[in-house]
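Q: Listed in order, the protein sequences are those of chains X and Z. Its first residue numbered 108, the first sequence is counted upward by one per residue in our numbering. Its first residue numbered 108, the second sequence is counted upward by one per residue in our numbering. Following this message is one structure expressed as structure tokens.
Protein chains: 2
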Amino acid sequence: MATGRGDELKSIQDETSKGREDIVEKIFGQQPDDEILYDLAELFKVFGDSTRIKILYSMFENELCVNDIAKLLNLSQSSVSHQLRILKSSKLVKFRRDGKSVYYSLDDEHVRAIISMGMEHVEE
Amino acid sequence: MATGRGDELKSIQDETSKGREDIVEKIFGQQPDDEILYDLAELFKVFGDSTRIKILYSMFENELCVNDIAKLLNLSQSSVSHQLRILKSSKLVKFRRDGKSVYYSLDDEHVRAIISMGMEHVEE
DNA sequence: ACAACATATGTTTAAGTGTTCATATGTATA
DNA sequence: TATACATATGAACACTTAAACATATGTTGT
């Protein structure tokens, strides 16, 4: 790429072609493994559905059983249960059984934090 | 639902059917507007693609031009540009033009925070 | 064991979306 | 203005996925 020598342009070169390569290489070394970034995307994908977000938000402060959620959000029991399964497998919610009902709640503070951060961004 | 009177079961009733309704109603009042939760889901949907996450992560500490990103992540220029357009419209990245190149960077701290929170959850 | 209720799961279908290829727009230099 | 380089955009295709319906599993009380 560099035509000829041009030592007097060295600093400028650093900022353009050659410096770019260095930066790209540096960042390449800093990137987490593909697998981790894939998992990260999968996690956000779970948050990226309005039904699931509604379900998660409904549990922001309380635990709720499947039927509660279905009534609250006007959804079919099947739909809620399917979504809860996805939320469960991503460790976004935990649950406990009490008689015939199963009560779901947010799994930990990360979940609350992620939702809150997203909210702040959206409400700007 | 309540068969007969059974005043002595009042507190228990509160914990079951009638109490449930109250809780559901309370939460119903606390839920943000559907529109906001829809936007929130749309936001997370943008994070929910491994290519976009890789792109975002590559800009975690540095600004990068389209070509840098394409080389770094071994993606086509077209693909990167398409994804950057989505990231732009969600206000997750900002950009500046410098000659022929366009340099992109994360838009604000919310973006970094959301990614970090997600990372913590994934790395558990 | 049986009936009634609560939840979970399997399957199908329609809608949404990321990538590729081709092409257009924008910018700098000769 | 003509050429080369950098980025953006349009369109088609393959793939994913949420919702609906039917059905299965699990739990309680009779």
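All C-beta atoms in this analysis are idealised placements derived from N, C-alpha and C, irrespective of residue type, glycine included.
1. Identify whether F154(Z) lies in helix, strand or coil by the three-state DSSP scheme.
2. Can you list the alpha helix (DSSP H) stretches of 4 or more residues lying completely in the region 182 to 210 of chain Z, in chain order?
3. Find the residues of chain X that neighbour D146(Z), judging by a C-beta separation of less than 7 Å, and give them in chain order.
4. Taking Cβ-Cβ distances below 8 Å as the criterion, which residues of the region 181 to 198 of chain X are in contact with chain Z?
5. Under 8 Å between C-beta atoms, does L213(Z) make it to chain X?
6. Short of 9 Å Cβ to Cβ, which residues in the region 125 to 142 of chain X face chain Z?
7. When the cut-off is 8 Å and only beta carbons count, does I162(X) lie next to chain Z?
8. Drop a sphere of 10 angstroms on the beta-carbon of F154(Z), count the other beta-carbons inside from all chains shown, and report buried for 16 or more, exposed for fewer.
9. Comparing C-alpha positions only, which one of E230(Z), G225(Z) and E231(Z) sits nearest to L150(X)?
10. Taking the alpha carbon of D156(Z) as the reference point, which residue from E142(Z), G136(Z) and S186(Z) has its own alpha carbon closest?
11. Look at the Cβ atom of R219(X), then the Cβ atom of Y210(X), and state whether they are nearer than 8 Å.
12. So is K235(Z) in contact with chain X if we call contact Cβ pairs under 8 Å?
13. Give the range of the alpha helix (DSSP H) segment to which N174(X) is assigned.
14. According to a CB-to-CB cut-off of less than 9 Å, which residues of the region 147 to 159 of chain X neighbour chain Z?
15. List the residues of chain X whose Cβ lies closer than 8 Å to the Cβ of K178(Z), in chain order.
16. How would you label D140(X), buried or exposed, when you count the other beta carbons within 10 angstroms and need 16 or more for buried?
17. How long is the line joining the alpha carbons of D214(Z) and E170(Z), rounded to whole angstroms?
18. Skipping 5 residues on each side, what residues in its chain have a beta carbon closer than 8 Å to that of I221(X)?
A: Once the coordinates are examined:
1. Counted from its first residue, the second sequence places residue 154(Z) at position 47. Looking at F154(Z) - three-state DSSP - the assignment turns out to be helix.
2. Secondary structure remark: continuous alpha helix (DSSP H) runs of at least 4 residues inside the region 182 to 210 of chain Z, in chain order: 184 to 196.
3. Taking the second sequence and counting its residues from 1, one reaches residue 146(Z) at position 39. Correct list: V229.
4. Per Cβ criterion, the list reads K198.
5. For the purposes of this step, residue 213(Z) is taken as the residue at position 106 of the second sequence. Closer than 8 Å: no.
6. Flagged, chain order: R127, E128, I130, V131, E132, K133, I134, F135, Q137, Q138, P139 and D141.
7. Taking the first sequence and counting its residues from 1, one reaches residue 162(X) at position 55. Answer no: the Cβ-Cβ gap between I162(X) and chain Z never drops below 8 Å.
8. Numbered from 1 along the second sequence, position 47 holds the residue referred to as residue 154(Z). F154(Z) should be labelled buried.
9. The residue labelled residue 150(X) in the question sits at position 43 within the first sequence. Ranked by how close their Cα comes to the Cα of L150(X), the residues E230(Z), G225(Z) and E231(Z) have G225(Z) in first place.
10. One-based indexing of the second sequence puts residue 156(Z) at position 49. Closest by C-alpha distance to D156(Z), out of E142(Z), G136(Z) and S186(Z), is S186(Z).
11. Your numbering for residue 219(X) matches position 112 in the first sequence. Your numbering for residue 210(X) matches position 103 in the first sequence. No, these two residues do not count as a Cβ contact at 8 Å.
12. Any property of residue 235(Z) remains undetermined from this structure, which presents chain Z solely from 108 to 231.
13. The count along the first sequence starts at 1 and reaches residue 174(X) at position 67. Boundaries of the alpha helix (DSSP H) harbouring N174(X): V173 to L180, taken from the DSSP string.
14. So the close ones are L147, A148, E149, L150, F151, K152, V153, F154, G155, D156, S157, T158 and R159.
15. Numbered from 1 along the second sequence, position 71 holds the residue referred to as residue 178(Z). Here the neighbours are V131.
16. Taking the first sequence and counting its residues from 1, one reaches residue 140(X) at position 33. The residue is exposed, with fewer than 16 neighbouring Cβ atoms inside 10 Å.
17. Working through the second sequence from its first residue, we reach residue 214(Z) at position 107. Working through the second sequence from its first residue, we reach residue 170(Z) at position 63. Rounded to the nearest whole angstrom, the CA to CA distance from D214(Z) to E170(Z) is 10 Å.
18. Numbered from 1 along the first sequence, position 114 holds the residue referred to as residue 221(X). Here I221(X) has F154 as same chain residues with Cβ atoms under 8 Å from its own Cβ, once five neighbours each way along the sequence are excluded.
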